[in-house]
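Written below as structure tokens is the structure these notes are about.
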Amino acid sequence: MSGESCGLFEYGHRACGGCAAALAARTILDAAGKDTIVVSSTGCMEVFSTPYPETAWKVPWIHSLFENNSAVASGIVASLKKQGRKEKVIALGGDGATFDIGMLCISGAFERGHDFVYICYDNEAYMNTGIQRSGATPYDASTTTSPAGKCSSGNRRPKKDLPMILAAHGAPYVATASVAYLPDLKKKVEKALATEGPCYLQVHAPCCTGWGFEGEKTIAIGKLAIETGLWVNYEMEDGKVTRVKKVVRKPVETYLKEQRRFRHLFKPARNDAEIAKVQAVADRNAERFGIDIKLKK
Amino acid sequence: MMEFMEGSHAVAHAVKYCRPEVIAAYPITPQTHIVEALADMVANCQLDAEYMTVESEFSALSACLGASAAGSRVYSATTSQGLALMFEVCFNCAGMRFPVVMSIVNRAMGAPLSIWNDQQDSISLRDSGWLQFYAEDNQEAADLHYLAYKVAEDKNVLLPAFVCFDGFILSHTYEPVDMLTQEQVDNYLPRYSPVQRLDSENPLSFGLFASPDYYMEFRYQIDQAMKGAAKNIASAGSEFGEMFGRDYGDMIESYRLEDADCALVAMGSICGTVKDAIDEMRKDGKKVGLMRLRTFRPFPGKEVRSALSNVSRVAILDKNISLGAKGAVALEVKDALYGTQVPVLDYIIALGGRDVRKKDIRAVVEMAEKGKGDLFYGLRQELLA
Chain A
1082 MSGESCGLFE YGHRACGGCA AALAARTILD AAGKDTIVVS STGCMEVFST PYPETAWKVP
1142 WIHSLFENNS AVASGIVASL KKQGRKEKVI ALGGDGATFD IGMLCISGAF ERGHDFVYIC
1202 YDNEAYMNTG IQRSGATPYD ASTTTSPAGK CSSGNRRPKK DLPMILAAHG APYVATASVA
1262 YLPDLKKKVE KALATEGPCY LQVHAPCCTG WGFEGEKTIA IGKLAIETGL WVNYEMEDGK
1322 VTRVKKVVRK PVETYLKEQR RFRHLFKPAR NDAEIAKVQA VADRNAERFG IDIKLKK
Chain B
955 MMEFMEGSHA VAHAVKYCRP EVIAAYPITP QTHIVEALAD MVANCQLDAE YMTVESEFSA
1015 LSACLGASAA GSRVYSATTS QGLALMFEVC FNCAGMRFPV VMSIVNRAMG APLSIWNDQQ
1075 DSISLRDSGW LQFYAEDNQE AADLHYLAYK VAEDKNVLLP AFVCFDGFIL SHTYEPVDML
1135 TQEQVDNYLP RYSPVQRLDS ENPLSFGLFA SPDYYMEFRY QIDQAMKGAA KNIASAGSEF
1195 GEMFGRDYGD MIESYRLEDA DCALVAMGSI CGTVKDAIDE MRKDGKKVGL MRLRTFRPFP
1255 GKEVRSALSN VSRVAILDKN ISLGAKGAVA LEVKDALYGT QVPVLDYIIA LGGRDVRKKD
1315 IRAVVEMAEK GKGDLFYGLR QELLA
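Chains as they are written, first to last, in my numbering: chain A, 1082 to 1378; chain B, 955 to 1339.
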């Protein structure tokens, strides 16, 4: 980068090399354009993009607290409506802000039906505070508060199904996406913004620091998540799944063995029983969404 | 025009005349009559506002923060537990300099659960950077909203404001109130024009994080703005007096204080009872007066010192308790009187809605004369045995 601008999310921020969240932010703003107000929750993205007196945001941007971005966004939407202004509003939060601490505010804002888009960059743990487990952390992932140890194989619970929860609120458009497929992410942001009412987008954002892989592998890891069926890219319109990315599935261990957070499944000894449980998560996803491409014999 | 109104309805009408563009609130006793009245006005096209029925007080104030950032005049109302749930957003509103105005219908804090009046709720937010006004009667409860918006939105202040009035004692009580007209309020309170707002034509970032190299200066500026608000209160309060005959330029009210031996100090509706008790005691030859605080933040330290430095003793009626220390008003008044020889005695009184009668005020004065104080007044000893 030789001093040339890279769009509405400017370079020079302090994200880790290979940060998927930064890539997501840039892509989201590429899709949304300049007439967009962004409401960030406290978290990695807020911290690395706005150390006073600097900001990476070239659209109007506000951060209030950890858990209230959707409530703040709903107030902004109400104000814009009253003023007759046409800017779009995006609330942006990590998975901790979205799945856990901000859940009440999101539920309220969706139930009230405000016209805004909530985008979660899902890196599957509290990364800003040092890789603690969240409601989005997958089964068996080792985090600093769900560490693998002699009598634990890491996180004991599966990921909370937030897209389904928000679809059940009557959200007209709910979708999942991944930084591994940026044109798809961009299209989904555009579609969400063009849809009236509260829409939800959940973007898989592999975190090299938190998951334990080299920064240049972010995209490859994101692809493996989809190719193994541990992450499914899909769209829901009016509560029904309308589009799903299909794959020729690989075994989950091709994804797991690339990451430090799953290392305990392979070292000091291979834990076949636990790997099978993770495989079962992928199998259930495959069945539920019908992602398997059947190869002709 | 003089009308016989419930306190909550007087406040709701005053709020309507302030032309808030966005209202977000969550129902909680004894605040409900205000927000119900406002909802009714919106439903009947008497008030052109976005009325948000949010899922919690936390979201109510968060939504107000967002709407204020987008450039609207906003309003909310709450009390007690609701205010406690807003704690985090309160500090945030002040730190981000959004001039939100909120009615606090004062109520005790649980546990034990109590829906009844004291002032522990708003007092507990004294360090949050909100202006705090306390009304004695329904007239003031209504009028202080006009003043609050005018002061809060001044570009030299830009801080949020509580208008506090006692739950049930004022909120659910009918009194004659001289309501202004929309035209009168429009002449006093200009339309809100934000200094900065979220706007794609001029994209700004709000709410950045500050490293230790920057944080203290932000806090200093908030403190300066709060202290400087005293000037705005004086000018906006006097202007109100010139226009409508009720002068709120002074942050304190002195009642029969000139020659008083014993000065009572209090805030809110209790002051009506105190004034009646003082009149009776005066008839009996007791030189008693009252200093009423109408503004608690910014704290009018100089005015308090000048009002009280010539009395023989000060008796504070605190409807709150900083557990492990004293009542918050006593702590502030003691600080204001530091270096004088005036003894200050504190009486924690009327917590959780316990009634205060004129004879209780007399009893406090008698205790103060004997130098007995710094206690909870009126405890039922049989319950403590």
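Note that the Cβ used here is the ideal one computed from N, Cα and C, for glycine as well.
Chain B contact for residue 1175 of chain A (CB, 9 Å cutoff): Closer than 9 Å: no.
Residues in the stretch 1010–1044 of chain B having any Cβ partner in chain A nearer than 9 Å: Taken in chain order, the members of the stretch 1010–1044 of chain B whose beta-carbon sits within less than 9 Å of a beta-carbon on chain A are 1010, 1012, 1013, 1014, 1015, 1016, 1017, 1018, 1019, 1020, 1021, 1022, 1023, 1024, 1025, 1026, 1028, 1042 and 1043.
Are any of the Cβ atoms in chain B nearer than 9 Å to that of residue 1162 of chain A? Taking 9 Å as the CB threshold, residue 1162 of chain A lines the interface with chain B.
Checking contacts by CB at 9 Å: is residue 1145 of chain A closer than that to chain B? yes
On the premise that residue 1271 of chain B lies in contact with residue 1218 of chain B, defined as a C-beta separation below 8 Å, what is that separation, rounded to the nearest angstrom? 6 Å
Count the CB pairs spanning the stretch 1302–1309 of chain A and the stretch 1330–1344 of chain A that are closer than 8 Å, and state whether there are at least three. yes
Taking residue 1341 of chain B as the reference, which of B/1084, B/1328, B/1228 and B/1073 has the closest Cα? Residue 1341 of chain B is absent from the model: chain B starts at 955 and stops at 1339.
Among the candidates B/1334, B/1228, B/1287 and B/1256, whose CA atom is the shortest distance from the CA of residue 1319 of chain B? The residue with the shortest Cα to Cα distance from residue 1319 of chain B is B/1228.
Which of the three DSSP states is assigned to residue 1055 of chain B in this structure? strand
Measuring only between beta-carbons, confirm whether residue 1091 of chain A sits less than 9 Å from chain B. no
Look up residue 1163 of chain B in the DSSP assignment and say whether it is helix, strand or coil. strand
Starting from residue 1006 of chain B, follow the beta strand (DSSP E) in both directions and report where the run begins and ends. Segment 1004–1007, the beta strand (DSSP E) holding residue 1006 of chain B.
Quick one: list the residues of chain B neighbouring residue 1279 of chain A, beta-carbon separation under 9 Å, in chain order. Against chain B, the beta carbon of residue 1279 of chain A has no neighbour under 9 Å; the closest one sits roughly 13 Å away.
I want to verify the contact list: residues of chain A whose CB lies under 7 Å from the CB of residue 942 of chain B, in sequence order. This structure gives no information on residue 942 of chain B, because the portion of chain B shown stretches from 955 to 1339.
Minimum Cβ-Cβ distance from residue 1116 of chain B to chain A less than 9 Å: no
Alpha carbon of residue 973 of chain B to alpha carbon of residue 1000 of chain B, nearest angstrom: C-alpha of residue 973 of chain B to C-alpha of residue 1000 of chain B: approximately 11 Å in a straight line.
With a threshold of 8 Å, are at least 3 pairs of Cβ atoms found where one atom belongs to the stretch 1000–1016 of chain B and the other to the stretch 1030–1040 of chain B? yes
For a quick check, are the C-beta atoms of residue 1057 of chain B and residue 1123 of chain B less than 9 Å apart? no
Less than 9 Å between the beta carbons of residue 1118 of chain A and residue 1154 of chain B, yes or no? yes
Residues from the stretch 1142–1174 of chain B in contact with chain A, defined by Cβ distance under 7 Å: 1152, 1153, 1154, 1157, 1158, 1159, 1160, 1161, 1162, 1163, 1164, 1165 and 1168
Is the beta carbon of residue 1009 of chain B sitting closer than 9 Å to the one on residue 1192 of chain A? yes
Exposed unless 16 or more other CB atoms sit within 10 angstroms - verdict on residue 1289 of chain A: buried
If we ignore side chains and look at the alpha-carbon of each, how far apart do residue 1190 of chain A and residue 1175 of chain B end up? Residue 1190 of chain A and residue 1175 of chain B: Cα-Cα distance of roughly 33 Å.
Would you mind working out which of B/1046, B/1074, B/978 and B/1316 sits nearest residue 1238 of chain B, comparing C-alpha positions? B/1316
For residue 1346 of chain A and residue 1161 of chain A, what's the separation of their Cα atoms in angstroms? Going by the C-alpha atoms only, they are around 51 Å apart.
Would you call the stretch 961–981 of chain B in contact with the stretch 1091–1098 of chain B, where contact means no fewer than 3 C-beta pairs closer than 8 Å? The stretch 961–981 of chain B, when compared against the stretch 1091–1098 of chain B, does touch it at the 8 Å Cβ threshold.
What number of angstroms, rounded off, separates the C-alpha of residue 1083 of chain A from the C-alpha of residue 1092 of chain A? Low confidence applies here, because residue 1083 of chain A scores a pLDDT of 47, under 50, leaving its location unreliable; read the following figure in that light. Roughly 10 Å between the two C-alpha positions.
Neighbour-count burial assignment, residue 1178 of chain B, 16 or more Cβ in a 10 Å radius: Around the beta-carbon of residue 1178 of chain B, fewer than 16 other beta-carbon atoms lie within 10 Å, marking it exposed.
6 Å Cβ shell around residue 1267 of chain B - same chain, five flanking residues per side excluded: Only residues of its own chain outside the window of five on either side were considered, and among them 1216, 1297 and 1322 have a CB closer than 6 Å to the CB of residue 1267 of chain B, listed in chain order.
Assuming residue 976 of chain B contacts residue 1026 of chain B (C-beta within less than 8 Å), just tell me the rounded distance between them. 5 Å
For residue 1118 of chain B: DSSP bridge partner residues: B/1058 and B/1088
I want to verify the contact list: residues of chain A whose CB lies under 8 Å from the CB of residue 976 of chain B, in sequence order. 1156, 1159, 1160 and 1163
So which of B/1157, B/1163, B/1020 and B/1142 has the shortest CA-CA distance to residue 1114 of chain A? Measuring from the Cα of residue 1114 of chain A, the nearest candidate turns out to be B/1157.
Closer than 6 Å by C-beta to residue 1105 of chain A: which residues in its own chain qualify, once you throw out the five before and the five after it? Chain order, please. 1202, 1260, 1284 and 1286
What is the DSSP secondary structure of residue 1240 of chain A, counted as helix, strand or coil? coil
If you follow the beta strand (DSSP E) that residue 959 of chain B is part of, which residue opens it and which one closes it? 956–960
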